[in-house]
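*Asks:* Quick note on numbering that gives the first Met the number 0: the sequence shown kicks off at 0 and runs consecutively.
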Amino acid sequence: MQMHCLVFPGQGVQHKGMGDGLFARFPQETVAASELLGHSVVELCRDDPGGRLADTRHAQPAIFFVNALAWMDLARDGRRWDWFAGHSLGEFNALVAAGMLDLMDGLALVGRRAELMAEVTGGAMIAVVGPHAERVEAMLRGAGLNRVHVANHNSDRQVTVAGERPQLALAVKVLRGPGVRVLPVPVSGPFHTPLMAAAGRRFATVLRGFAFRSGHTPVMSSITGAPFEPEQAVRLLSRQLSRPVEWVRTVRALRAAGVDHFEEVNGSTLTALLSRIADGPAGTDGTPATGLAALVNQPAAAARATEEHV
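#1: Could you give the DSSP three-state label for D284: helix, strand or coil?
#2: Are A84 and S221 closer than 8 Å when you measure CB to CB?
#3: Hey, quick one: how far does the alpha helix (DSSP H) through I62 stretch, first residue to last?
#4: Using 8 Å as the threshold, is the C-beta distance between A117 and S187 below it?
#5: Quick one, which of Q27, L52, W82 has its alpha-carbon nearest L68's?
#6: In chain order, what residues of the same chain lie with their CB nearer than 6 Å to the CB of D81, ignoring the 5 residues before and after it?
#7: Please classify D76: is it buried, with 16 or more other beta-carbons within 10 angstroms of its beta-carbon, or exposed?
#8: In three-state DSSP terms, what is S154?
#9: Could you name the residues of the same chain whose beta carbon sits closer than 6 Å to that of F22, not counting the 5 residues immediately before and after it, in chain order?
#10: Judging by CA-CA distance, which residue of L73, I125, H191, S213 is the nearest neighbour of V179?
#11: Scan the segment 145-208 and note each continuous alpha helix (DSSP H) run of 4 residues or more that stays entirely inside, going in chain order.
#12: Only counting the same chain, and skipping five residues up and downstream in sequence, which positions put a Cβ closer than 8 Å to that of R207?
#13: Whole angstroms is fine: what's the gap from A107's alpha carbon to P177's?
#14: Could you tell me the alpha carbon to alpha carbon distance between L73 and N265, rounded to whole angstroms?
#15: In terms of DSSP beta bridges, what is W82 paired with?
#16: Report the partner residues of V218 according to the DSSP bridge assignment.
#17: For Q166 and R201, what's the separation of their Cα atoms in angstroms?
#18: Using the three-state DSSP reduction, which class does P26 fall into: helix, strand or coil?
#19: Name the two residues that bound the continuous beta strand (DSSP E) containing A113.
#20: Mind the definition here: the segment 241-256 touches the segment 190-199 only if three or more C-beta pairs lie below 8 Å; say whether that holds.
#21: Cα separation between A97 and M0?
#22: Grab the span of the beta strand (DSSP E) containing M124 for me, first residue to last.
#23: So what's F91 in DSSP terms, helix, strand or just coil?
#24: What's the C-alpha gap between G20 and N92?
#25: Excluding five sequence neighbours on each side, which residues of the same chain lie with their C-beta closer than 6 Å to the C-beta of K15?
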């Protein structure tokens, strides 16, 4: 019997026109989201006025809400999953889908999270494709760069590095070489590094004002690679801002738990990484990898995954 996991991407998947067709199917939730955010989420996603989707403060709530509607649309057709997981921001979607957090509470939390993260300026992020994370860390420390850090372990040979801009510019020179690609990531801060620790502490105070409960479906934490427990919510979700996203560990833990089929909402970034984490792509039991999971076999999708901060 197959075990299915639905995964939710994070920042970097936003684009003009996202959510098209979903808002009309969930008018009540869309109105409530717009009222909570103080602007039309439909206009933001449809038109991207002034390029606001490039702003963390607008991008994160918009991605969270579109992710949520995409999941609700699938669930309304009777779809069910054995596990949920999310990359960074996407973990809030996983908690909502699992019944651990209310939708509008999740949106409010993500909105405040985005504001706190946007306040940390002077940083940036790059994607490094080729070397293992341990090799990247060794090269950074060997060069005396202590204000840049590995921020995401996305696959066996793809990580992101974030930190202060001057040292990150030096890191690019240190890391570039034969068989290594270094690409800019469109975010405005040193996300998932110790430089975000103060923002994480402030977010912990916010989190304490919200209720988390036991869910009906397990969620695999993208920080610990272990099942998410509601009593850990404040600690895990606040530390998420200053700790690396352990996506490799998360996927391996899900496979060890018996998951043999992954599906993604709102893009194909995460499923494109699967073939570079496990021994084979989704659907390795011999059945076709259906839906977006099939994109792990397409080189173009895999290339896009290196250019997005998920």
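C-beta atoms are modelled at their ideal positions from N, C-alpha and C, and glycine is treated no differently.
*Replies:* Looking at the atomic coordinates:
#1: Note that D284 has pLDDT 32, beneath the 50 cutoff, so the model's placement of it is unreliable and no number is given.
#2: yes
#3: Looking at the DSSP string, the run of the alpha helix (DSSP H) that includes I62 is 55-75.
#4: yes
#5: In this structure, Q27 is the residue among Q27, L52, W82 with its C-alpha nearest to the C-alpha of L68.
#6: M2, H3
#7: exposed
#8: strand
#9: T29, V41
#10: I125
#11: 164-174, 196-206
#12: Cβ neighbours of R207 beyond the five flanking positions: V233.
#13: Distance between the alpha carbons of A107 and P177: 45 Å.
#14: Annotation: L73 to N265 spans about 12 Å, alpha carbon to alpha carbon.
#15: C4
#16: Answer by DSSP bridge pairing, in chain order: F83.
#17: 26 Å
#18: Three-state result, P26: helix.
#19: Looking at the DSSP string, A113 is not in any beta strand (DSSP E); the run it does join, the alpha helix (DSSP H), is 102-117.
#20: yes
#21: Approximately 21 Å, taken between the alpha carbons.
#22: It spans 122-128 - the beta strand (DSSP E) in which M124 sits, taken as one unbroken run.
#23: The three-state reading of DSSP puts F91 in helix, counting H, G and I together.
#24: 19 Å
#25: Within the same chain, K15 has close Cβ partners D47.
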